[in-house]
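Chemist: Here this note's numbering is used: position 11 in the sequence shown is 32, and no number is missing along the way.
All C-beta atoms in this analysis are idealised placements derived from N, C-alpha and C, irrespective of residue type, glycine included.
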Amino acid sequence: MNFTRYWNGRWVRETRFSQYAADGLGVSRSQLTGLSNSLRRREVTSDASGETTETAASFDTQSGILVETSTTGAQTPAVRKKRHGRDVEIHDATGLYYLKRDPFGRPSMRRFDNGAFSGGYPLDAAIFNDCGDRVLSAVCEYNSATFLVKSFDYDVFGSAPSEARRFLRGASPRRASTSHPLVPSVGTMEEESNPNEVV
22 MNFTRYWNGR WVRETRFSQY AADGLGVSRS QLTGLSNSLR RREVTSDASG ETTETAASFD
82 TQSGILVETS TTGAQTPAVR KKRHGRDVEI HDATGLYYLK RDPFGRPSMR RFDNGAFSGG
142 YPLDAAIFND CGDRVLSAVC EYNSATFLVK SFDYDVFGSA PSEARRFLRG ASPRRASTSH
202 PLVPSVGTME EESNPNEVV
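#1: With DSSP collapsed to three states, give me the class of residue 30.
#2: Helix or strand or just coil, what does DSSP make of residue 37?
#3: Could you pull the DSSP bridge partners for residue 23 from this structure?
#4: Residue 80 by DSSP, collapsed to three states: which one?
#5: Give every residue of the same chain whose Cβ lies closer than 8 Å to the Cβ of residue 111, excluding the five residues on either side of it in the sequence, and list them in chain order.
#6: Are residue 61 and residue 79 closer than 8 Å when you measure CB to CB?
#7: Based on Cα-Cα distance, which residue from 87, 105, 34, 74 lies nearest to residue 94?
#8: Among the residues of its own chain, which have a CB less than 6 Å from the CB of residue 54, if the five just before and after it don't count?
#9: Going by alpha carbons, who is nearest to residue 63 out of 51, 69, 39, 57?
#10: How many Å lie between residue 124 and residue 97 at the Cα?
#11: Tell me the rounded alpha-carbon separation between residue 210 and residue 115.
#12: Can you check whether the CB of residue 82 is closer than 8 Å to the CB of residue 58?
#13: Taking a contact to mean a Cβ-Cβ separation below 8 Å, would you say residue 107 touches residue 122 in this structure?
#14: How close, in whole Å, do the beta carbons of residue 66 and residue 47 come, if the pair is a contact with beta carbons under 8 Å?
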């Protein structure tokens with residue numbers, strides 16, 4: 022059920038919704054008036070148990086970043102920073118995430134810092150070619166500085182990785198993984214160790 026009402030000195034859009042198996046109503050109120058760049062959005066939601074979550078968003082015209090802060094009860098506020106609608110930084114109870122994107126908006130790096138490591142470690146990073154294919158991927162374990170790096174050899178036309186092409190030509194299967202949407206991963210460890218086994 023949605024309706025507009027005057028609440029706490031502001032016009033709000035109020036939504037009432039049912040929750041859980043037990044009888045109870047949740048209420049969400051979105052502010053409609055008194056908004057500006059310093060307060061782009063404000064929403065207060067109370068669920069059927071009485072827990073309240075307040076979400077507010079502000080916009081920095083210089084950096085073009087939208088900062089969204091969400092607070093539930095006495096918990097630590099969660100902060101999300103967005104540019105052009107995409108997350109670039111997330112700070113919640115688990116730690117701080119940095120997300121870097123290339124000029125086309127594709128995720129190219131994600132770094133996590135929970136305070137245990139100075140500077141944090143990248144969880145994953147990617148490099149794309151001009152055709153949009155992922156040509157290199159680096160993954161780091163949560164508690165390790167060791168990187169697992171995979172490279173994918175596409176040609177200039179965006180064709181399948183050389184290892185996948187080799188398998189498609191009838192060669193013995195070897196373990197090969199690819200991020201190309203048209204070419205599935207091929208080969209398994211069992212096939213690699215027993216290429217001539219008849220099943």
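Modeler: By the coordinates alone:
#1: Correct three-state label for residue 30: coil.
#2: Strand at residue 37.
#3: DSSP lists 36 as partners of residue 23.
#4: Strand, per DSSP.
#5: 99, 100, 101, 102, 117, 118, 120, listed in sequence order.
#6: The beta carbons of residue 61 and residue 79 sit closer together than 8 Å.
#7: Among 87, 105, 34, 74, the Cα nearest to that of residue 94 is on 74.
#8: Answer for residue 54: 31, 32, listed in chain order.
#9: Checked all of 51, 69, 39, 57; the closest Cα to residue 63 is 51.
#10: Near 33 Å, if we compare the C-alpha coordinates of residue 97 and residue 124.
#11: Unreliable placement is indicated for residue 210, whose pLDDT of 34 sits below 50; the coordinate value is still reported in the next sentence. Distance between the alpha carbons of residue 210 and residue 115 is about 35 Å.
#12: Taking 8 Å as the Cβ cut-off, residue 58 and residue 82 qualify as a contacting pair.
#13: With a cutoff of 8 Å on beta-carbon distance, residue 107 and residue 122 are scored as near each other.
#14: That pair is a contact at about 7 Å.
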